[in-house]
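In what follows, a structure is listed as structure tokens, so that the remarks can point back to it.
Numbering (the UniProt record's numbering), first residue to last: 1 to 314.
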């Protein structure tokens with residue numbers, strides 16, 4: 001990429017928002033591209049031992065006066081005789097009928113991982129990997145563009161994710177797991193053992209940030225003999241993405257090039273019978289065939305290039 005070259009803008013559906021670490025509460029931020037079906041927001045943190053209540057609001061704007069509509073208000077309350085969660089919607093300055101869940105899946109003095117998953121007609125919430133509640137929309141999801149976090153809560157990380165684009169073998173909350181904190185980002189090159197190879201249904205997740213002046217990014221899979229049956233290679237010089245075989249043959253992937261300088265990215269590889277399916281920032285972009293025996297013989301994942309890694313998970 002030459003100095004001063006302008007990059008084509010990406011459509012909102014391809015934009016992935018970087019995680020936020022240790023925000024100060026109250027915390028309000030814009031949601032890049034707004035909310036739509038297929039997005040997830042992850043909240044990682046802890047409830048103070050003396051917590052009374054906190055709230056997570058998915059807002060239609062961020063003004064103070066007038067108060068914006070709140071499409072989804074998630075409000076755990078710990079100070080009552082029976083701790084519970086309230087969900088509600090604020091429209092035109094008036095709260096609507098409360099929806100109440102009496103069995104609170106959060107406790108004072110404990111850490112948590114909350115996932116908000118947005119579907120076509122309702123939001124689903126899981127706490128520490130277990131489904132907790134669902135709440136039907138009362139305002140259009142497309143109006144939501146702001147996240148607000150308030151009250152008695154310690155937040156270590158906020159993540160903006162896409163659910164898995166692969167229907168086969170998926171689960172309700174397929175890519176929700178804790179982020180590594182910024183101070184513990186992974187060293188590059190990065191290597192991870194695959195002691196049992198890859199089997200149908202496994203998903204490899206790689207999240208990171210492209211450096212300011214990137215050159216390339218590679219994700220390679222090695223077999224027992226240290227051969228490299230396949231490599232996923234992104235070249236910033238000509239902005240191409242390709243599968244590279246063991247013998248150096250290159251097969252271009254015809255998809256938008258998402259590895260932009262200083263932009264967050266997510267790579268997912270789904271192993272199926274004899275092939276690997278690829279998704280970038282939540283969008284399926286193709287597959288490559290290896291054969292099931294070749295996948296089972298894989299023993300190592302290597303990642304290198306001009307990136308900072310936040311997460312490698314499989």
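C-beta atoms are modelled at their ideal positions from N, C-alpha and C, and glycine is treated no differently.
Scanning 158, 281 and 138 for the CA closest to the CA of residue 147 turns up 158. Here residue 142 carries a helix assignment [DSSP, helix/strand/coil]. In this model, residue 133 and residue 240 are separated by some 42 Å (Cα to Cα). By the CB criterion at 9 Å, residue 272 and residue 255 fall outside the cutoff. Secondary structure remark: continuous alpha helix (DSSP H) runs of at least 4 residues inside the UniProt domain "Galectin" (190-314), in chain order: 292-296. Relative to the Cα of residue 163, the nearest Cα in the group 19, 51, 300 and 279 belongs to 279. For residue 77, the enclosing beta strand (DSSP E) has its first and last residue at 69-77. Where residue 122 is concerned, the enclosing beta strand (DSSP E) starts and stops at 122-127. A Cβ-Cβ distance of about 7 Å is found for the pair residue 160 and residue 32, placing them in contact under the 8 Å criterion. In the DSSP assignment, residue 105 is bridged to no other residue. The Cβ atoms of residue 314 and residue 295 do not sit closer than 9 Å to each other. Residue pairing by DSSP puts residue 149 in a beta bridge opposite 27 and 56.
In the three-state DSSP reduction, residue 65 falls in the coil class, being neither helix nor strand.
Of the other Cβ atoms in all chains shown, fewer than 16 fall within 10 Å of the Cβ of residue 81; this residue is therefore exposed.
In summary, residue 187 is exposed, with fewer than 16 beta-carbon neighbours lying within 10 Å of its beta-carbon over all protein chains present. Between the alpha carbons of residue 55 and residue 211 lies a distance of about 35 Å. In the DSSP secondary-structure assignment, residue 114 is bridged to 43 and 127. Under DSSP, residue 162 forms a beta bridge with 39.
In this structure, the CA atom of residue 224 is about 49 Å from the CA atom of residue 142. Contact between residue 206 and residue 312 holds, since their C-beta atoms are separated by about 5 Å, short of 8 Å. Contact annotation: residue 46 and residue 154 have beta-carbon atoms nearer than 9 Å. Judged by DSSP secondary structure, residue 89 falls within the beta strand (DSSP E) whose first and last residues are 84-91. Rounded to whole angstroms, the separation of the alpha carbons of residue 243 and residue 53 is 50 Å.
Burial is judged here by how many other beta carbons sit within 10 angstroms of a residue's own beta carbon; residue 60 has at least 16 and is buried.
Between residue 309 and residue 190, the CB-CB gap stays under 9 Å. Beta-carbon to beta-carbon, residue 77 and residue 86 are separated by about 7 Å, close enough to satisfy the 8 Å threshold. Looking at the backbone, the Cα of residue 236 and that of residue 214 are separated by about 6 Å. Judged by beta-carbon spacing, residue 118 lies within the 9 Å limit of residue 38, meaning their Cβ atoms are closer than that value. Around the beta carbon of residue 121, fewer than 16 other beta carbons sit within 10 angstroms, so the residue counts as exposed. With respect to residue 277, residue 286 sits close: the two C-beta atoms are nearer than 9 Å.
Under the criterion of beta carbons closer than 8 Å, residue 74 and residue 144 do not qualify as touching, at roughly 13 Å. Using a Cβ distance threshold of 9 Å, residue 221 and residue 267 do not count as a contacting pair.
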